[in-house]
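In our numbering, the protein residues as written are -18 to 100. Below is one structure; the comments refer to it alone.
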């Protein structure tokens, strides 16, 4: 049966000892850097998530404001169109039969004249 012989420790002043000590320090630094990098990534991801939430909130607010503004504009346009239509109907209803007949003759004359110009 083969037993492993213990590894001999290098002399404290030897190049191998200094190399092993440097390797140990580098591994510790690497572990610290890795931990710090992971924390920065987590912080960045959390910050990005907060900014995304902020943007989504701003977008929702802007959307509601635009919808409200468009609804007001639509209502104003509808009220304006209704008022014009009501005024036109009232004006038409005030016309007497003689005026309507005169206007009808004029329209027919315009249509016949336009048809004659085309042919």
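All residues carry an ideal CB built from backbone N, CA and C; glycine is no exception.
Query                                                                                                                         : Result
Between the alpha carbons of residue 65 and residue 71, how many angstroms are there, rounded?                                : 10 angstroms
Reducing DSSP to helix, strand and coil, say where residue -8 ends up.                                                        : coil
Report buried or exposed for residue -18, applying the criterion of at least 16 other Cβ atoms within 10 angstroms of its Cβ. : In this prediction, residue -18 scores a pLDDT of 49, lower than 50, which makes its location untrustworthy; the coordinate-derived value is nonetheless stated afterwards. Under this definition residue -18 is an exposed residue.
Between the alpha carbons of residue 16 and residue 23, how many angstroms are there, rounded?                                : 11 angstroms
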